[in-house]
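Going down the list, the sequences are from chains G and E.
Sequential numbering from 9 applies to the first sequence in this note's numbering.
Sequential numbering from 407 applies to the second sequence in this note's numbering.
Quick reminder that beta carbons are idealized off the backbone N, C-alpha and C, glycines included.
Predicted model only: the values in this text are computed from it and were never measured.
The structure under discussion appears below in the form of structure tokens.
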Amino acid sequence: MSTFDEFEEKDYGKLSTPILRRLLALLMPHWRWVVGFLLCIAFVSIIDAYTTYLSAQIIDEGIRAGSHAAIVRIIAIYGGIMLFQAALAFGFIYLTGVLGERVRYDMRKQMFNHLQVLSLSYFSKTPVGWIMARLTSDTERLADLITWGLLDVTWAVVNIATAAIFMFKINASLALIVLAMLPLLAVVAFQFRVRILYHYRLSRKMNSKITGAFNEGITGVRVIKALAREDDNLAEFSELTEGMYQASYKAAWLSALFLPTVQLISAVGLGFVLWQGGLQVELGVMTVGGIQAFVSYVTFIMWPIQDMARVYAQMQNAIASAERIFNLVDTEPDVKNRTRTIQTKSITGDIRFDNVHFHYETDDPVIKGLNFHVKQGETVALVGPTGGGKTTIVNLLCRFYEPTSGTVYFDDVDYLDMKLEDIQSRIGMVLQTPHLFSGSVRENIRYGKLNATNTEIEEAAKLAGAHDFITQLEKGYEQDVGEGGNLLSVGQKQLLSIARAILAQPELFIMDEATSSVDTLTEALIQRGMERLMAGRTSFIIAHRLSTIKRADKIIVIENGQIQEMGNHRELINQKGKYYNLYTRQFRQELEAQYDIFTHPEASQT
Amino acid sequence: MSKNTYYDLDLSQTLSKNRLVGLWRLFKGYRLFYLGATTALAVATISRTGIYLVLRRFIDEIVVPRNFGPDMLIIIVMFIGLALFQGTFTFISGWLAAKTAEGTTRRLRNFLFDHLQRLPFAYHAEAQTGDLIARATSDIDALNRFFSDQAIGIGRIILIFVINFVAIMQLSPRLAWVSVVATPAIIAVSVYFFSRVSKAYEAYQEQEATLSNRLQENLTGVRVVKAFARQAYESYKFDQENWHKFSLGKRLLSIESLFWPISDIICGAQLLVSYYTGAVMALNGEITVGTYMAFIALVIWIIWPLRNLGRLIVQTSTGMVSYKRVAELLKEQREPLLEGDYQAKDNVTGEIIFKDVCFEYEPGHPVLNKVSFNCNPGDVIALLGSTGSGKTTLVNLLPRFYDPTSGLITLDGVDITRYPRKYLRSQIGIVEQEPFLFSRTIRENITYGVQRTVSEEEVIQAAQFAAVHDVIISFPNGYDTLVGERGVTLSGGQKQRLAIARAVLKNPAILILDDSTSSVDSETEIQIRAALEQLMQTRTTFIIAHRIQSVMDADLILVFDKGEIVQQGTHEELMKTSTMYQDIFNIQTKIELELEKEISSVNI
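If you want it as structure tokens, here you go:
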């Protein structure tokens, strides 16, 4: 199997005291609601059992006794009680439902806020889909258990208890027969429920695999057609649908068997009751109405049992969900403030890496003994092959990760002594693939400084060279950028993320230059925007374009987590080493692209 | 269309203007099961009604006259017998219904999957992936619910109602009419309620989607959030959406919490009127006590199931919408894979002739115009030209992803439209710049589409050939490493090399290459280039060229502009005849000169 087994979800969890305590803690802030719905449902349950008793009374005190007045009286009571019960039903549905929504809200909020605190390392090793499932399906399942599940169990327990009281009131020996049925009913019901839910969950899992297969079949249709793989694909897909069929069919089959089985057990019990009841009527210790009442109690006693069995089965899954949720909430961030921190008003000044090492896993070092010194205001270009460690250096610089050994100094202060917020709020960053948030252009720029005025925003956009294209959008600054900024081109997204960084007025600027090509005009705008950002600021650029690299005060060539060469352009060219090779290769490529030999053959004539 | 073992019915033939007719046709092959399920349900319902009638005899003939003889035992045995009967038939009904619903759905899923992968390229180029997936999954789920729940459920409620009503009729017509007075009100209220709930629920679900998007954006943008230290702001934004969802949930619940008590009151009133009428009749001796008891049991079965009718009716209407959306897919024409009258006995040699080939996606907008050229087996043909000049369209014609609008393409002297598509595609290998990989293991991706069993050695050889073996064994699980979200993310160059390995195993006579190597370091680039060159030997190869190196050795260079071939010939020929091509070539020399100048300038 894959290395990602840790993200395979287990379905069953056992209720333990610590988990129970935490579940109760979720309800505690809203205990009034809990008390409210429990009271409502308890009354509803008592009334359910009581109305059966009333029906019996209609027969005995009304019909058998020949009293019209009694009938009218009992029906009136019945009606009154029903109205009362309707009011209670309103109460418990509303209270339980809203409480459930509230618990979901609370849990999502708590998890989201905790996610904001977690370190980058958590996100690089946890798939987004896994985290999303915690905030969606797991939350759903858990909230259902502690609201509707609690409600159902309360109803069931009170119902059985009340019914038992009334049965004993009518006839003790018959009541004992009925109660003797209960354990058998319970065992059967619990067994069925657990199995049905198992197959049901299996079918849900198959369903998500089927969705995945459709997704690939559609997005990969070109490859499938080119390789003429339709028949094999259909065969594979039909294995999934076969699995889905088996699981859903078994779940439905078991459900179909479940009710009749339970009803049959009740029917045998009912046969006993009739037989014994008949005999007792003969002895004069049982009334016709009493028999009617028992018929009802026996017929309906399977419902509370049913309910409890269902909640029991769901509970196993919900506990597994709870464990995953609590696991997320309990995860400690790798990077956090030290207990004693220094107040810093600024991170300007020289930056120094002193023998910095870093690894994710102990036997696999990523950064090996990095030493360099950057003066305030200098521009540093990081160059080298993919996977050489450039991004990790930037992540260390932002303190997204902390060195496993060695020290990073900001103006001669170990940055571990500073507050995370103090460092990160002073950094401006432009990523290789710019990430925008859905919302308007304006909102996206404002992300750099939340209290910025519209003038400031437009000023920043002008500096970034984004203003012109923005004003040409249909709604200008109010234009929606779409999910993840998808409605804009890559170049436009880059310009916006530069504007965002300009607005933030950072003290340290970091940029991961894009490799993807954009049109020449946009490219020039981006270059100019970058220059404005770098002016007077210490800047680190993961550089891909020669113009950027050449301009840098310091070029660091990183390979295998080590500095291979360091110096300015002239020094490194004269060394005729790795930088020289990298530069000449890149130079050829850039010129080829510039002359655009294959896209515009006529360009060569100029 | 050929039938296969995965679906035994061509569902595109089941379509009908009338949606109910169309749905009924989908049941084909399962109709007997469905009828069986309904019949069994009727038998079960009659048995249950019978139980209450036996109860009536028990009271009237045993308890009231105090006649506790062997008759009592007979009645009790009848009682249990009927219960057994009821249970058995309830089970049979549920079992057959599950068979019908799940079987129909499985066939529909299989058919739709196959249908989608066999729809022509032109269809997929236009269609939205998200929309297709929604139709194939959530709409099918809605239809599955229709088959398993609504189609059976509505029948069940009507059967229960009718059978119990007839039974009460037997007891007393007056009671029967009294007990259905409120029926229209119950149905009306439940339909009204469920249509409102479904609207509120939609809004709630939409907000759920918004919330998920918000979360996803936060998670994928975690570096931005941290770089700007915007954690508090993100929490605030999330909280707004989160709270909005809570409010929508509250609104949904306030509708729900009103419906159940209101319908409780209507049903309860109906029940009490029935009880009262029955009790008074029993009091006056118009009916027996046993009849009264049977009646109050039966009347419950008339009233309470009706509350669910509204839900089923509303859900059926959403099922109908889903059916319409699925039917729209089903009516699209497939691309026939086996159609073609020329059955080649062996592999093709790869001699290709284009004669006056024109192509247009939309009438009046030619993308290729009178393209003509010849090539011999094993030739390398380089396509030069700007984006949109027609290079990609031309190579799309070879595997018949599209057919020419006019003109003729022959392969080994035979018009390619006479070859079955499946055969033609088995002769062509495609290596794209950034190929699509499937979320399977690396091994499965390499052997994907190779229609034979491939040994471990062959896979490794192919990977070594494509210069990707070393990369693969550097992963902890080697060839069993999963690709994609749940596994490793591969770079563009690595993906391309896997596609090369795949092409090696496929061993096609014709090869289509997109030669641009995306950002890889120079050593890897040399390896890839070597692999490609070896792959090109002995195969007719079409290269969408981005570099001069791949053009120089080509047997034929086609220079495209606006859908037309403006120059063609070998490198030497073009160097002699075409000044334009000379210029292109000279750029290379020019670049070297500029580089020298640049390097020497650093020390000035």
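Query, Result
"Neighbour-count burial assignment, Val-427(E), 16 or more Cβ in a 10 Å radius", "exposed"
"6 angstroms CB neighbourhood of Asp-430(G) in its chain, flanking five on each side removed", "Thr-352"
"C-beta atoms of Lys-651(E) and Leu-617(E) nearer than 7 angstroms", "yes"
"Secondary structure of Met-294(G), DSSP reduced to three states", "coil"
"Neighbourhood of Ile-834(E) by C-beta, 7 angstroms cutoff - its chain only, sequence neighbours within 5 removed", "Leu-804, Pro-805, Pro-914, Ile-916, Ile-918"
"Interface residues of the region 751–768 of chain E facing chain G [CB-CB below 8 angstroms]", "none"
"CB contact check: Tyr-409(G) to chain E, cutoff 7 angstroms", "no"
"Under 7 angstroms (Cβ pairs) to chain G, residues found in the region 512–542 of chain E", "Arg-512, Arg-515, Asn-516, Phe-519, Asp-520, Leu-522, Gln-523, Arg-524, Phe-527, His-530, Thr-535, Leu-538, Ile-539, Ala-542"
"Nonlocal neighbours in the same chain, by C-beta distance under 7 angstroms from Thr-104(G), ignoring five residues either side", "Phe-45, Thr-155, Trp-156, Leu-159"
"Proximity of Leu-379(E) and Gly-559(E) at Cβ, strictly below 7 angstroms", "Given a span of 407 to 1010 for chain E in the structure shown, any question on residue 379(E) remains unanswerable."
"Beta-carbon contacts of Val-281(G) that lie in its chain and below 8 angstroms, excluding the five residues immediately before and after", "Leu-182, Ile-185, Val-186, Ile-299, Phe-302, Val-303, Val-306"
"Min CB distance Ala-788(E) to chain G below 7 angstroms", "no"
"Beta-carbon proximity list for Arg-849(E), same chain, < 7 angstroms, skipping 5 on both sides", "Val-865, Tyr-885, Asp-886"
"Min CB distance Phe-491(E) to chain G below 7 angstroms", "no"
"Beta-carbon neighbours of Phe-844(E), restricted to chain G and to distances below 7 angstroms", "Glu-224, Gly-228"
"Cβ contact check for the region 493–507 of chain G and the region 447–454 of chain G: 3 or more pairs under 8 angstroms", "yes"
"Environment of Phe-92(G) [buried if 16+ CB atoms lie within 10 Å]", "exposed"
"Chain G contact residues for Phe-474(E), given Cβ-Cβ distances below 7 angstroms", "Gly-286, Leu-287, Glu-290"
"Spatial neighbours of Ser-604(E) in its chain, beta-carbon cut-off 6 angstroms, leaving aside the 5 residues before and after", "Val-720"
"Cross-chain neighbours of Thr-496(E) in chain G, by beta carbon under 8 angstroms", "Ala-264, Leu-267, Pro-268, Gln-271"
"Beta-carbon gap between Tyr-409(G) and Glu-508(E) smaller than 7 angstroms", "no"
"Asn-780(E) (DSSP reduced to helix, strand or coil)", "strand"
"Min CB distance His-443(G) to chain E below 7 angstroms", "yes"
"The alpha helix (DSSP H) enclosing Leu-62(G), as first and last residue numbers", "39–65"
"Contacts that Thr-626(E) makes with chain G (C-beta to C-beta distance below 8 angstroms)", "Val-136, His-443, Gly-492"
"Chain-ordered residues of the region 666–680 of chain E with a beta carbon less than 7 angstroms from chain G", "Trp-666, Pro-667, Asp-670, Ile-671, Gly-674, Leu-678"
"Contact set for Asn-241(G): own chain, Cβ-Cβ below 8 angstroms, skip 5 residues either direction", "Gly-225, Ile-232"
"Amino acids of chain E, ordered along the chain, whose beta-carbon sits closer than 7 angstroms to that of Phe-595(G)", "Leu-1001, Glu-1004"
"Gly-716(E) and Ser-596(E) closer than 7 angstroms at C-beta", "yes"
"Residue-chain proximity (Met-699(E), chain G), Cβ-Cβ < 7 angstroms", "yes"
"Closest residue to Ser-832(E) among Ala-869(E), Arg-846(E), Leu-744(E), Ile-758(E) (Cα-Cα distance)", "Leu-744(E)"
"CA-to-CA distance, Ile-273(G) to Val-483(E), given in whole angstroms", "14 angstroms"
"Euclidean distance between Cα positions of Ser-612(G) and Pro-442(G)", "Residue confidence for Ser-612(G) is low, a pLDDT of 36 falling below 50, so the modelled location carries little weight; the figure read from the coordinates is stated next. So the alpha carbons of these two residues sit roughly 34 angstroms apart."
"CB contact check: Met-478(E) to chain G, cutoff 7 angstroms", "yes"
"Leu-421(E) beta carbon less than 7 angstroms from that of Lys-737(E)", "yes"
"Proximity to Ile-702(E) [Cα-Cα], best of Val-165(G), Ser-63(G), Glu-491(G)", "Ser-63(G)"
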